[in-house]
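Chains as they are written, first to last, in my numbering: chain A, 388 to 545; chain B, 388 to 545.
2 protein chains.
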Amino acid sequence: MQTTSSPGNESRHKIELALGERINALISATRALSERSAAHFHPRLQPAAFHIARWLYAFGPARPSEVAEAVGMDRSSTSTLIGKMRSLGLLDSSPAPDDRRSIIVRLSAEGRQRVAATLEERGKEFYTRTQDWSTDDLARLVELLGRLTAERSSETES
Amino acid sequence: MQTTSSPGNESRHKIELALGERINALISATRALSERSAAHFHPRLQPAAFHIARWLYAFGPARPSEVAEAVGMDRSSTSTLIGKMRSLGLLDSSPAPDDRRSIIVRLSAEGRQRVAATLEERGKEFYTRTQDWSTDDLARLVELLGRLTAERSSETES
DNA sequence: TGATATGGTGGAGATATGCAAACCACCTCA
DNA sequence: TGAGGTGGTTTGCATATCTCCACCATATCA
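Written as C-alpha cells, this is what we have:
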C-alpha cells in the first residue's frame with residue numbers, strides 16, 4: 388500500500404497538494420462561522436471555551452494538556468477555561484487511571500447538548516450548500532472525512 | 388434533484404447531521420495547526436494576518452469588507468492588517484471598478500508564495516494521515532470538498 | 001533515597017483583537 | 001440639489017489570550 392517511491396508518484400503528489408488547498412479553503416470558509424459560534428457559545432464564557440468544548444465533543448474525553456495541545460492553546464488558559472466550564476456544569480472531570488497528577492475531562496450531558504445546539508444553530512447557513520447534492524455524494528463525503536479525522540493521536544505520542 | 392420534501396428525508400437529515408459533525412471534527416483537528424501557522428506566518432505581522440492571507444489565497448481578490456465578513460473579523464482590524472501586509476509587499480490593492488470608495492485587495496506573488504510555504508511546512512504532519520489512502524479516494528475527497536467550498540458568496544448577498 | 005521531569009493550577013504583565021465612534025469620500029434616492 | 005447610507009480608515013478603550021514564571025503533587029530515574 389506504500390506508494391511513496393513508485394512511479395506515478397507525481398500525480399499523487401499533485402492530488403495531495405490539491406487536498407491541502409481544499410481543506411484550507413474549507414477552513415477559511417468556515418472560520419467566520421467558528422468565531423461566531425465561539426462568541427455565542429455561552430454568555431458567561433470566553434470564546435475559546437467553545438474550541439475546547441467542541442474538541443471534546445468531536446474526540447471524546449482527554450487530559451487537559453492533551454486538549455491544550457490539540458486545540459493550539461496554552462495550558463494555563465486551557466486550565467482556567469476548564470475550571471469555569473466545570474463550575475458551570477458543562478463538563479466533568481475524573482482522576483486519570485494511570486497518573487495521579489492528572490485528570491480526564493469530559494463533556495457533561497448539558498455540555499454536549501449545548502455544543503450540539505451551537506453547531507446546529509450557527510451551521511444552518513453553511514449547510515444550505517449541500518441542498519442539491521445527491522445523498523450518495525453526501526454519504527461519501529461523510530465517510531471520507533471520517534477516515535481523515537479518525538486517527539486521534541495514537542501515533543503523535545512517543 | 389431536490390429531495391427536500393420526499394420520503395426518505397429522515398435518513399437524509401441524519402447524513403446532513405453526520406456531515407456537520409465530521410466537518411467540525413476536521414476543524415477541531417486542524418485548529419492547532421491553523422493557530423501555529425498563523426503565529427509563524429510572518430515575523431512582523433499579527434497572527435490574524437494569516438487568516439486574511441489564507442482566505443485570499445483560497446478565494447481570490449476581494450474587497451476588505453468582504454474579507455472581514457468572510458473570516459469573521461471586524462473591519463477595523465482587517466483594515467489595519469491589510470495596510471501592514473501591503474506595506475510588506477504581501478498584497479496589492481487596486482480601485483474597485485464599480486465603486487470609487489472601495490478597493491480590491493489581492494495577494495502579491497510573494498504573498499501567495501509565503502502562504503503556500505506556510506501551508507506546506509506546517510501541514511506536513513497532518514497529511515501523513517492520507518499516506519495509505521488510495522489515489523481514487525483522495526481524488527474523490529478533493530472533488531467533493533471542492534464542490535462544498537466552490538460557491539463563493541454569490542448568494543449570500545442581497 | 002534523592003534529583004529531575006511532568007501535569008495541573010494560578011498570577012503578572014504584554015499583546016492581539018473586538019467594539020464603538022468619528023471621519024471622509026462616495027453612492028443612492030428623492 | 002440635498003439627505004441619508006455605505007466602504008474604508010483611524011483612534012481609544014475593553015477584554016481575551018499568550019508568555020513567562022512559580023508552585024505543588026506526583027512520576028521517573030539514578
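Backbone N, C-alpha and C define an ideal beta-carbon position, used for all residues, glycine too.
Check the Cβ of A:Val492 against every Cβ in chain B and list those closer than 7 Å, keeping chain order.
Position 105 of the first sequence, counted from the start, is the residue given in the question as residue 492 of chain A. The contacting residues do not exist; A:Val492 stays about 15 Å from chain B at best.
Would you mind sorting A:Thr417 into buried or exposed? The rule is 16 or more other CB atoms within 10 Å of its CB.
Numbered from 1 along the first sequence, position 30 holds the residue referred to as residue 417 of chain A. Buried, since its Cβ has 16 or more Cβ neighbours within 10 Å.
Any chain B beta carbon closer than 8 Å to A:Thr417:
For the purposes of this step, residue 417 of chain A is identified with residue 30 of the first sequence, where counting begins at 1. It does: the Cβ of A:Thr417 has a partner Cβ on chain B nearer than 8 Å.
Along the stretch 441 to 456 of chain B, where does the CB come closer than 8 Å to a CB of chain A? Name the residues.
Arg441, Trp442, Tyr444, Ala445, Phe446 and Glu456
Between the stretch 482 to 494 of chain B and the stretch 437 to 451 of chain B, are three or more C-beta pairs nearer than 8 Å?
yes
Could you check what DSSP says for A:Arg493 in three-state terms: helix, strand or coil?
In the first sequence, the residue the question calls residue 493 of chain A occupies position 106. Looking at A:Arg493 - three-state DSSP - the assignment turns out to be strand.
Does the CB of A:Ala412 have a neighbour CB from chain B at under 8 Å?
Numbered from its first residue, the first sequence carries residue 412 of chain A at position 25. Output row for A:Ala412: interface = yes.
If you scan the stretch 450 to 498 of chain B from start to end, which runs of the alpha helix (DSSP H) of 4 or more residues do you find wholly inside it?
451 to 458 and 462 to 474
Throw me the rounded Cβ distance for the B:Arg501 and B:His429 pair, which I believe falls under 8 Å.
Here residue 501 of chain B refers to the residue found at position 114 of the second sequence. Here residue 429 of chain B refers to the residue found at position 42 of the second sequence. Contact holds; Cβ gap of about 7 Å.
Minimum Cβ-Cβ distance from A:Leu532 to chain B less than 8 Å
Walking along the first sequence from the start, residue 532 of chain A turns up at place 145. Answer yes: the Cβ-Cβ gap between A:Leu532 and chain B drops below 8 Å somewhere.
Nearest-angstrom Cα distance between B:Arg409 and B:Leu494?
Reading the second sequence from its first residue, position 22 is the one you call residue 409 of chain B. Reading the second sequence from its first residue, position 107 is the one you call residue 494 of chain B. In a straight line, the C-alpha of B:Arg409 is about 31 Å away from that of B:Leu494.
Whole-number beta carbon distance between B:Leu406 and A:Val529, since they are thought to touch under 8 Å:
Along the first sequence, read from residue 1 onward, the residue named residue 529 of chain A stands at position 142. Along the second sequence, read from residue 1 onward, the residue named residue 406 of chain B stands at position 19. Correct: roughly 5 Å between the Cβ atoms.
Min CB distance A:Gly498 to chain B below 8 Å
Numbered from 1 along the first sequence, position 111 holds the residue referred to as residue 498 of chain A. No, no contact with chain B.
Min CB distance A:Ala435 to chain B below 8 Å
Taking the first residue of the first sequence as 1, we reach residue 435 of chain A at position 48. A:Ala435 does not count as touching chain B.
Starting from the beta carbon of A:Thr517, find every residue of chain B whose beta carbon is closer than 8 Å, and list them in chain order.
Residue 517 of chain A sits at position 130 when you count from the first residue of the first sequence. Per Cβ cutoff of 8 Å: Glu403, Leu406 and Leu535.
I need the boundaries of the alpha helix (DSSP H) containing A:Asp523, first residue and last residue.
Mapped onto the first sequence, residue 523 of chain A falls at position 136. Start and end: Thr522 to Thr536.
Three-state secondary structure assigned by DSSP to A:Leu506:
If you number the first sequence from 1, residue 506 of chain A lands on position 119. Helix, per DSSP.
Using a Cβ cut-off of 8 Å (strictly closer), state whether B:Ala526 contacts chain A.
To locate residue 526 of chain B, count along the second sequence from 1; it is residue 139. It does: the Cβ of B:Ala526 has a partner Cβ on chain A nearer than 8 Å.
Span of the alpha helix (DSSP H) around A:Gly407:
By 1-based counting over the first sequence, the position of residue 407 of chain A is 20. It spans Asn396 to His427 - the alpha helix (DSSP H) in which A:Gly407 sits, taken as one unbroken run.
Along chain A, which residues have their Cβ under 8 Å away from the Cβ of B:Pro438?
Locating residue 438 of chain B in the second sequence gives position 51, where the first residue counts as 1. A small fix is needed here, since residue 438 of chain B is His in this sequence, not Pro. Per Cβ cutoff of 8 Å: Ser415 and Arg418.
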